[in-house]
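Asks: Residue numbers (the working numbering): 423 to 673. We treat Cβ as the ideally placed atom computed from N, Cα and C, and that holds for glycine.
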DNA sequence: GCGACAG
DNA sequence: ATCTTGTCGC
């Protein structure tokens with residue numbers, strides 16, 4: 423077992439929709455202790471998965487998938503890559519919105535677990551509490567590994583941005599922002615802020631930072647901004663995707 | 001590397 | 001078209 427993940431509860435990835443829904447409901451209702459960003463430098467892992475080339479969502483159940491996890495040290499200059507790991511195998515299902523865990527959960531979990539050291543926090547290319555059952559893959563993967571997690575995506579899943587006048591008060595402090603990188607608007611589900619739209623680089627399209635396992639949307643926004651280097655996509659996700667594609671190319 | 005688009 | 005990814009033009 424990965425050092426630091428020894429306290430992870432046993433976790434078996436559901437193999438069908440019904441058991442996935444049950445697991446999502448259980449995790450959505452759990453209240454694990456909130457996690458806070460450390461003061462000094464800390465370790466962030468990013469993970470992502472690619473499948474066979476083709477149209478969007480290519481690769482069905484049984485088709486190959488390539489997962490990669492990268493370990494970065496942040497908080498002391500630009501993100502520095504410390505380690506990486508991979509996992510290759512069969513996808514559990516075709517892509518379908520809301521049940522991404524069925525497709526990618528086991529392989530992503532394996533890649534993260536194969537890292538030589540546990541990160542302090544995990545960044546997943548998927549939604550978290552912004553989900554029909556309030557437990558997207560970013561949240562599930564955090565629970566599965568026993569690590570605090572956030573999600574980073576291009577678009578929200580089911581959360582919406584209220585009109586400015588209807589915005590709820592921020593439940594916690596937001597990261598500092600400026601002209602080049604800023605929090606744009608809260609994304610709300612059932613009155614709760616589950617994500618923020620965040621502009622990571624001036625003039626570029628924003629990304630969505632999702633609350634996940636033991637994390638708030640405010641922390642997710644701060645971590646997304648804090649791990650962005652010279653590209654729109656935060657480094658943990660950008661590098662994990664890059665590594666997964668290289669892995670596929672060598673296959 | 002990014003946005004648009006397909007899906 | 002709503003968590004993913006791909007290709008294309010720039």
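(1) From this set, 432, 442, 433 and 450, which residue's C-alpha is nearest residue 561's C-alpha?
(2) Check for me: the alpha helix (DSSP H) holding residue 609 runs from which residue to which?
(3) With distances taken between CB atoms, is the gap from residue 470 to residue 663 smaller than 7 angstroms?
(4) Let's see if you can read the secondary structure: which residues bound the beta strand (DSSP E) around residue 496?
(5) With DSSP collapsed to three states, give me the class of residue 453.
(6) Starting from residue 615, follow its DSSP beta bridges and name the residues at the other end.
(7) Identify every residue that forms a DSSP beta bridge with residue 389.
(8) Measure the Cβ-Cβ separation of residue 505 and residue 538 and say whether it is below 7 angstroms.
(9) For the candidate residues 645, 443 and 659, whose alpha-carbon lies nearest to that of residue 460?
(10) Go ahead and label residue 624 buried or exposed: buried means 16 or more other beta carbons lie within 10 angstroms of its beta carbon, across all protein chains shown.
(11) I need the straight-line Cα distance from residue 553 to residue 672, nearest angstrom please.
(12) Taking residue 534 as part of the alpha helix (DSSP H), name the residues at either end of that continuous run.
(13) Please check the pair residue 466 and residue 584, which I expect to be a contact at CB under 8 angstroms, by giving their CB distance rounded to whole angstroms.
(14) Excluding the five sequence neighbours on either side, which residues of its own chain have a C-beta within less than 6 angstroms of the C-beta of residue 531, listed in chain order?
(15) For residue 518, count neighbouring Cβ atoms within 10 angstroms of its own Cβ and tell me buried if that reaches 16, exposed if not.
(16) Who are the near neighbours of residue 522 in its chain, counting only those whose CB is closer than 6 angstroms to its CB and skipping five residues on each side?
(17) Quick one: residues in its chain with C-beta nearer than 6 angstroms to the C-beta of residue 435, no 5 flanking neighbours on either side, listed in chain order?
Replies: Walking through what the data contain:
(1) By one-based count along the first chain, residue 561 stands at place 139. Answer by Cα proximity: 450.
(2) Counting from 1 along the first chain, the entry for residue 609 is found at position 187. In the DSSP assignment, residue 609 falls outside any alpha helix (DSSP H) and within the unbroken beta strand (DSSP E) covering 604-611.
(3) Reading the first chain from its first residue, position 48 is the one you call residue 470. Reading the first chain from its first residue, position 241 is the one you call residue 663. Yes, the pair counts as a contact, with Cβ atoms nearer than the cut-off.
(4) Counted from its first residue, the first chain places residue 496 at position 74. Residues 486-496.
(5) For the purposes of this step, residue 453 is taken as residue 31 along the first chain, with counting starting at 1. Residue 453 carries a coil assignment under DSSP once its states are collapsed to helix, strand and coil.
(6) Here residue 615 corresponds to residue number 193 of the first chain, with the count starting at 1. Beta bridge pairing from DSSP links residue 615 with 610.
(7) What the structure shows of the chain is the stretch from 423 to 673, and residue 389 is not part of that stretch, so it cannot be assessed.
(8) As a position in the first chain, residue 505 is number 83, starting the count at 1. As a position in the first chain, residue 538 is number 116, starting the count at 1. Here residue 505 is near residue 538, since their CB atoms are less than 7 angstroms apart.
(9) For this step, residue 460 is matched to residue 38 along the first chain. Looking at the Cα atoms, 645 is the closest of the given residues.
(10) As a working mapping, residue 624 is identified with position 202 in the first chain. Flag for residue 624 reads exposed.
(11) Sequence index remark: in the first chain, residue 553 carries index 131 (1-based). Sequence index remark: in the first chain, residue 672 carries index 250 (1-based). Between the alpha carbons of residue 553 and residue 672 lies a distance of about 34 angstroms.
(12) By 1-based counting over the first chain, the position of residue 534 is 112. Per DSSP, the unbroken alpha helix (DSSP H) holding residue 534 starts and ends at 522-535.
(13) Here residue 466 corresponds to residue number 44 of the first chain, with the count starting at 1. Here residue 584 corresponds to residue number 162 of the first chain, with the count starting at 1. Not confirmed; about 30 angstroms, so no contact.
(14) As a working note, residue 531 is residue 109 in the first chain. Hits under 6 angstroms: 566.
(15) In the first chain, the residue the question calls residue 518 occupies position 96. Label assigned to residue 518: exposed.
(16) Against the first chain, residue 522 aligns to sequence position 100. Correct list, in chain order: 548 and 559.
(17) Along the first chain, one-based indexing puts residue 435 at 13. The answer, listed in chain order, is 527 and 528.
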